[in-house]
Amino acid sequence: MTAANRKYQQLNRQVRAWKAMDAMRDKTIEEKNIEVSTKKFHCLNCGYIMFYQAKRCPSCSSEKMEEMK
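Residue numbers (the numbering used here): 14 to 82.
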């Protein structure tokens, strides 16, 4: 094996390692961007409970929403 081939293989291994590190970094960034909502909201009119804040209740179309504690 020539010195040029050894150098090429060494660089190829390094590039594969960098690609693996980039993939792992991208995966952790995606995981950090995923937010799990633990807040609950309920309608003051009908009592419908949901895990997101909406402008109107999907059950009775009331605009009176409040965060549950």
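Beta carbons are placed, not taken as given, at the ideal position from N, Cα and C, and that holds for glycine.
Extent of the continuous beta strand (DSSP E) to which residue i belongs
i: C73; result: Segment: none, C73 is in no beta strand (DSSP E) and carries neither H nor E.
i: C56; result: 54-56
Helix, strand or coil at residue i [DSSP, three-state]
i: M14; result: coil
i: M63; result: strand
CB-CB length for residue i against residue j, believed under 8 angstroms
i: E79; j: R69; result: That belief does not hold up - the Cβ atoms of E79 and R69 are roughly 14 angstroms apart, past 8 angstroms.
i: F64; j: M81; result: The Cβ separation is near 10 angstroms, so there is no contact.
Outcome for residue i when other beta-carbon atoms lying within 10 angstroms are tallied against a minimum of 16
i: C73; result: exposed
i: C56; result: buried
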